[in-house]
Structures are given as C-alpha cells and as structure tokens.
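Encoded as structure tokens, the structure appears first; notes follow it.
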Amino acid sequence: MAGRLHIAPIDLPHLLPGLAIDAPLLTSPNLAPRQMLSAIRLEAGRPRLGRLFWGLTPPWLEVLDHAPHCARAESLEERPMFREAFQARRCLVPASGIYAWKAQPRFKQPFLITRVDRGPLLLAGLWCRFHTTLAEHADSLALITVPTSALLAPLTDRLPAVIAPDQARRWLDPQTPLAEVRALLKPAPGELLGAFPVSRRVNNPAHQDATCAHPVGPMLSQPE
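Counting in the working numbering, the sequence shown runs from 1 upward without gaps.
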C-alpha cells in the first residue's frame, strides 16, 4: 500500500508535451495522505496539472478519516465508491518515489521505491468532485494499487500502478475502452523499479527535510 510519497521537482512539460499547468507541482520529501497533492487530468482534450486532496471524499462520506487514499485495481468495478470514477474520472500523480517499510526483528526499515534510473513516475489514480455550494467544489483522489513484483514483495505487497508517459492520454481519456484501461493496471516491469533503505526520519510525516530520502544502503534492483 502507498502510505507516503516522495515528490521531487519534475520537468513535466518535457515528460508530457502539451501539459497545461494551473499551479506549480507540489513537491515534498515525505508526503502523507490527507494532504493536497498535484495530479493530472484531461480537460477539454488537454492534460492539465491541478491540485487535489489525497483521500477520496465522495459527497456522502461523513468521516474524513475514512477517505480511502488507495483503491485496489482488482475491485474497482465492484465497489460503488470507485466504479464511476474509474470509468470516467481517471488521473495521474507525478512522483519520484514511494515509501515502504520492511519488518525487521526490532523495527521497520523504511525503503524508497523509485525508478532504477531515478526518473519520474506517473501513478494511476481516480478522482471525484464534491460540490460544497452551487459555485464551489472540492476535488479528491485515490491511487490505484496493483500487486508488486517478486523483487519488491518483501517490502510491500501492493504499489500504485505506473502508467508510461506514452500511455498517459489513453489512461486519462474517458473515451478509452475500459478493456484497454484495465490492461494498463499491471505490476511495473521488474527492471523498471528498485528500492534503497532510507533514514528512519521518514517515519514521522512531520519531518520534511531531504534526509528523509537519504540512502543508507545500496539499491535493490533486478539483476541484468
């Protein structure tokens, strides 16, 4: 499960040519759920970067702490909370890494899961809109998770699905056949992602300094 993100500066116009940016990318070395984060949606046929609340909050949700920050890919069409959003309101979250914790005899060791080449990731998500008044609304999202690769399974059993930049428009477009969309929700190729242990400072989401992501050991990666 993705409970914490690392978001470094990303050259999004280079990654997704034609991207409109309403507000600069929100960066954080240690971003926890129930915060604002940047996400990309398709508006009037053009991908656009905006800011949403991380934790899906449909209009009928009564307790904010119950807002899910992740949704399992296998059950998206079974759960009413996710079904309509998956069909019509998909988004992408730019990130540079995902934190996971590996159980040790006396503590849990945090790891940062990243691309092996340390490039940016586009994480699959879905979003909803809650109209607070006739003229105002709040948008929120949940990340969509899939099973992890054998390499990363000791760290976590699930990770957000990674969408390739050349598939971004197909993912975002509500006109894309659902069979094609479902096919994109799969574990990332084993050679794409690796992980390295980081400082336990990241355990506290109040810590917002670069040392949260500082490697304290070598990267785990699939042998070539």
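All C-beta atoms in this analysis are idealised placements derived from N, C-alpha and C, irrespective of residue type, glycine included. Please read these numbers as outputs of a predicted model, since none were measured by experiment.
Does DSSP classify residue i as helix, strand or coil?
| i | result |
| --- | --- |
| Thr145 | strand |
| Val303 | With the chain covering 1 to 224 only, the question about residue 303 has no answer from this structure. |
| Ala213 | helix |
| Phe86 | helix |
| Met219 | coil |
| Asp139 | strand |
| Ala150 | coil |
| Arg51 | strand |
| His14 | helix |
| Glu180 | helix |
If you count every other CB in all the chains shown that lies within 10 Å of the CB of residue i, and 16 or more means buried, which is it?
| i | result |
| --- | --- |
| Ala188 | buried |
| His14 | exposed |
| Val202 | buried |
| Leu178 | exposed |
| Val198 | buried |
| Pro215 | exposed |
| Gly18 | exposed |
| Pro160 | buried |
| Arg90 | buried |
Tell me which same chain residues have a C-beta within less than 7 Å of the C-beta of residue i, skipping the five on either side of it?
| i | result |
| --- | --- |
| Asp157 | Pro147 and Thr148 |
Whole-angstrom Cβ separation of residue i and residue j, contact assumed at under 8 Å?
| i | j | result |
| --- | --- | --- |
| Phe53 | Ser140 | 4 Å |
| Val162 | Leu123 | 6 Å |
Can you list, in chain order, the residues of its chain with a C-beta nearer than 6 Å to that of residue i? Leave out the 5 residues immediately preceding and following it.
| i | result |
| --- | --- |
| Pro68 | Leu56 and Ala142 |
Leaving out five residues before and five after residue i in sequence, what residues of the same chain have Cβ atoms less than 8 Å from its Cβ?
| i | result |
| --- | --- |
| Leu155 | Ala100, Trp101, Lys102, Phe111, Ile113, Thr148 and Ala195 |
| Ala168 | Leu16, Ile40, Pro47, Leu92 and Leu122 |
Is the region 25 to 38 in contact with the region 158 to 175, if contact means three or more CB pairs nearer than 8 Å? no
Is it true that the region 179 to 198 meets the region 211 to 223, where meeting means three or more beta-carbon pairs spaced less than 8 Å apart? yes
The region 204 to 213 / the region 22 to 29 touching (three or more Cβ pairs under 8 Å): yes
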